[in-house]
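Worksheet: one structure, shown below.
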Amino acid sequence: MKPKAKIRLGDLLVQEGIISEEQLMQTLSAQKQSGRKLGYMLIELGFMTENQLLTFLSQHLGVPLIDVTQYRVSVEAVLLLPEVQARRYRALVLDDKGDHLLVGMSDPADLAALDILSGVLPKPVKVAVVSDAQLFQAYDRFYRRTEDIASFAQELAEEYQDDAEFDFDTGVDNEQDTAVARLLQSIFEDALQTKASDIHIEPDSEMLRIRLRVDGVLQENIIKEKNIASALVLRLKLMSGLDISEKRLPQDGRTNMRIKGHSIDVRVSTMPVQNGESVVMRLLDQSAGVLSLEQTGMPAALLKRFRVLLKRPHGMILVTGPTGSGKTTTLYGALSELNQPSAKIITVEDPVEYRLPRINQVQTNSKIGLNFSNVLRTTLRQDPDIIMVGEMRDQETAEIGLRGALTGHLVLSTLHTNDAISSAVRLLDMGAPGYLVASSLRAVIAQRLVRKVCESCSEAYQPTREESLWLKSIDSQVANVTFRRGRGCQTCNNTGYRGRVGVFELLEMTESMMNALKTNDSVQFGQAALHSPGFVPLAKVALTYAKMGITTVDEVLKLIEMVADEQARATESESGEEPEENNELEMTNIQSSQTVSPGGNAESGAVPTSGTSRAQNIPTSSSGEFSFELEPRDNGPGSNNG
Numbered sequence: 001m002k003p004k005a006k007i008r009l010g011d012l013l014v015q016e017g018i019i020s021e022e023q024l025m026q027t028l029s030a031q032k033q034s035g036r037k038l039g040y041m042l043i044e045l046g047f048m049t050e051n052q053l054l055t056f057l058s059q060h061l062g063v064p065l066i067d068v069t070q071y072r073v074s075v076e077a078v079l080l081l082p083e084v085q086a087r088r089y090r091a092l093v094l095d096d097k098g099d100h101l102l103v104g105m106s107d108p109a110d111l112a113a114l115d116i117l118s119g120v121l122p123k124p125v126k127v128a129v130v131s132d133a134q135l136f137q138a139y140d141r142f143y144r145r146t147e148d149i150a151s152f153a154q155e156l157a158e159e160y161q162d163d164a165e166f167d168f169d170t171g172v173d174n175e176q177d178t179a180v181a182r183l184l185q186s187i188f189e190d191a192l193q194t195k196a197s198d199i200h201i202e203p204d205s206e207m208l209r210i211r212l213r214v215d216g217v218l219q220e221n222i223i224k225e226k227n228i229a230s231a232l233v234l235r236l237k238l239m240s241g242l243d244i245s246e247k248r249l250p251q252d253g254r255t256n257m258r259i260k261g262h263s264i265d266v267r268v269s270t271m272p273v274q275n276g277e278s279v280v281m282r283l284l285d286q287s288a289g290v291l292s293l294e295q296t297g298m299p300a301a302l303l304k305r306f307r308v309l310l311k312r313p314h315g316m317i318l319v320t321g322p323t324g325s326g327k328t329t330t331l332y333g334a335l336s337e338l339n340q341p342s343a344k345i346i347t348v349e350d351p352v353e354y355r356l357p358r359i360n361q362v363q364t365n366s367k368i369g370l371n372f373s374n375v376l377r378t379t380l381r382q383d384p385d386i387i388m389v390g391e392m393r394d395q396e397t398a399e400i401g402l403r404g405a406l407t408g409h410l411v412l413s414t415l416h417t418n419d420a421i422s423s424a425v426r427l428l429d430m431g432a433p434g435y436l437v438a439s440s441l442r443a444v445i446a447q448r449l450v451r452k453v454c455e456s457c458s459e460a461y462q463p464t465r466e467e468s469l470w471l472k473s474i475d476s477q478v479a480n481v482t483f484r485r486g487r488g489c490q491t492c493n494n495t496g497y498r499g500r501v502g503v504f505e506l507l508e509m510t511e512s513m514m515n516a517l518k519t520n521d522s523v524q525f526g527q528a529a530l531h532s533p534g535f536v537p538l539a540k541v542a543l544t545y546a547k548m549g550i551t552t553v554d555e556v557l558k559l560i561e562m563v564a565d566e567q568a569r570a571t572e573s574e575s576g577e578e579p580e581e582n583n584e585l586e587m588t589n590i591q592s593s594q595t596v597s598p599g600g601n602a603e604s605g606a607v608p609t610s611g612t613s614r615a616q617n618i619p620t621s622s623s624g625e626f627s628f629e630l631e632p633r634d635n636g637p638g639s640n641n642g
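The sequence shown lines up with residues 1 to 642 when you count with the numbering used here.
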């Protein structure tokens, strides 16, 4: 549906009383300097909201206002308009109505753009008004690089033969170089659009798999041309400075590339497998910068307590969790706040993920003896105020870090343990003296990432009986709660999830916990920790998010199951016996006084552990349930927390 004539948007808005004449003049003056459209300037200057503008255009043009996130967009219709033109004219083909195409535009009054679209598209056009922000989200969602990847893979397969000779000085011959570059460019662009954290290139006997990790879950794309795998791996090795002649040993490298205005740091890891070499690439968007502590999703009450700890002049703070749980993001957020001209900060990392100004960052290199412990010794002679150690990997590193914290330095580090309580016990298991851990350790933050419910397809969900029993073991007040889940839509790629949120628990050391550590009494330490002021376990925090509709019951139970699996492995490792198979949930144990705690076993009620021999015996509360306050108390700097 075409507008009859050019609309003077500003005059109409003044006539309707939405903006004043003075606001219109101010906007027109700003528009001359920026060159942007009047509607965008009105929103940017705060004279009206985007929803007001869209509603106004819909009413005066007589066209529908459509929410793209709720509309069932036809993918086939979207692809009728090339991405370049869609982005240029702020348009998206929403549906094929048979005799016409429904096209969403952020500015349907743009007659020039409408004329061009009418000439490009194969059917007559009817217009709808859509949000500009929703358009850009839709572009990244619908204009995937799947077809480009398949096309470039086929092109490369035609040029590349198994017996082709490669120049090992340049990597690939000139004819194939362009095809490989285009294919890799498409793969990286697809990963950037889907906000993938990792790219997996995996050769199989009959195909090549390209898998992207999005929100912690792998999404697979199959390429039939399996013979191109070696060309891809070779090019990636050249890009990341690896030995292209070595195919028998794993290699690690890194490179940097610019994709659609984003500076992407790529960590490359290769590994020989049965059908060639597997490559995994971790993507770090340097353009986005380091996230602040608020952006990590840390709750306000916990963040306040954490900042009090960061202001202390000495002591050790550990951030713990499995790989990919966001530990480094939290540490970098803390370093950003501590990065002041008055503070000397040195980091020891493997690898250095983000470059930070004013901070002395050291990349370890075990091949030349530049390991964590050696660098850490030198670091203490560099007169630092704050030290960040990438990971406490062994006894020597742990002891040096603890002694540094004891001698007037603030030491930040990570540890691969299951929860906050088991972190201190892990240090004891590594061989660190109990008195040293008790004197140096100030607090431990444990964290996980859980997927968020897709807002576009969120719906009410009633847990099953088995799920309800598990949830009641965490919090008895869940009987009348309405949970949410995503049914799956185009916005979330039919997963029901979109984005992730951090789940945190903070354990601050108290006098009773320090006394337990001095005597290496892990059981007493666990009891003191569970009853310490303000401590809320990960499982209960995750359940709180589920009760708020942020995440799902399934994500909460996955977190519990992860803890339970590690507890089972720890028990098996301690006893040296195979665990008995038990595929049924013991309902009677859940309802008895020995309630199954999340991740514990029905007999001991043990809390989740990291798989250490001492940690497996840490008990829960006497009732077997988590009964801690949801809003942690802020003890303040003067509290008795060691």
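Idealized CB from N, CA, C, for every residue including glycine.
This one's a predicted model, so the numbers in the text were calculated from it and none came from an experiment.
Identified DSSP bridge partners for residue i
i: residue 136; result: Partner(s): none; residue 136 has no beta bridge.
i: residue 126; result: 102
i: residue 14; result: DSSP output for residue 14 lists no bridge partner at all.
i: residue 497; result: 453
i: residue 219; result: 212
i: residue 363; result: 349
i: residue 460; result: 484
i: residue 414; result: 319
i: residue 277; result: 272
Backbone CA spacing between residue i and residue j [nearest angstrom]
i: residue 296; j: residue 496; result: 22 Å
i: residue 661; j: residue 122; result: Outside the shown range of the chain, which is 1 to 642, sits residue 661, and nothing can be said about it.
i: residue 228; j: residue 339; result: 46 Å
i: residue 13; j: residue 179; result: 52 Å
i: residue 364; j: residue 202; result: 28 Å
i: residue 195; j: residue 433; result: 44 Å
i: residue 200; j: residue 438; result: 42 Å
i: residue 464; j: residue 475; result: 16 Å
i: residue 423; j: residue 415; result: 7 Å
i: residue 109; j: residue 217; result: 42 Å
i: residue 89; j: residue 69; result: 20 Å
i: residue 20; j: residue 35; result: 21 Å
i: residue 573; j: residue 412; result: Low confidence applies here, because residue 573 scores a pLDDT of 43, under 50, leaving its location unreliable; read the following figure in that light. Looking at the two C-alpha atoms, the distance is approximately 30 Å.
i: residue 615; j: residue 212; result: Because residue 615 carries a pLDDT of 38, less than 50, the predicted location of this residue cannot be relied on, and the following value inherits that uncertainty. C-alpha separation (whole angstroms): 35 Å.
i: residue 53; j: residue 553; result: 39 Å
i: residue 471; j: residue 447; result: 20 Å
i: residue 374; j: residue 383; result: 16 Å
i: residue 402; j: residue 509; result: 15 Å
i: residue 425; j: residue 515; result: 13 Å
i: residue 84; j: residue 132; result: 16 Å
i: residue 522; j: residue 256; result: 45 Å
i: residue 491; j: residue 266; result: 27 Å
i: residue 130; j: residue 190; result: 24 Å
i: residue 305; j: residue 346; result: 24 Å
Closest by C-alpha distance to residue i, when choosing among the options
i: residue 431; options: 77, 396, 49; result: 396
i: residue 224; options: 230, 216, 414, 209; result: 209
i: residue 399; options: 385, 380, 384; result: 380
i: residue 457; options: 480, 485, 477; result: 485
i: residue 183; options: 346, 425, 233, 322; result: 233
i: residue 301; options: 541, 39, 30; result: 541
i: residue 483; options: 245, 491, 551; result: 551
i: residue 272; options: 294, 246, 284; result: 246
i: residue 429; options: 392, 100, 103, 193; result: 392
C-beta contact flag for residue i and residue j at 8 Å
i: residue 504; j: residue 239; result: no
i: residue 440; j: residue 469; result: no
i: residue 310; j: residue 334; result: yes
i: residue 645; j: residue 331; result: Nothing about residue 645 can be reported from this structure: the residues present for the chain run from 1 to 642 only.
i: residue 292; j: residue 262; result: no
i: residue 442; j: residue 315; result: yes
i: residue 43; j: residue 128; result: no
Where residue i falls: helix, strand or coil (DSSP)
i: residue 389; result: strand
i: residue 482; result: coil
i: residue 43; result: helix
i: residue 542; result: helix
i: residue 447; result: strand
i: residue 315; result: strand
i: residue 671; result: Because the chain is modelled from 1 through 642, residue 671 falls outside the range shown and cannot be assessed.
i: residue 233; result: helix
i: residue 60; result: helix
Beta carbon proximity, residue i to chain D, threshold 8 Å
i: residue 118; result: Of the protein chains in the structure, only one exists, and it is not chain D.
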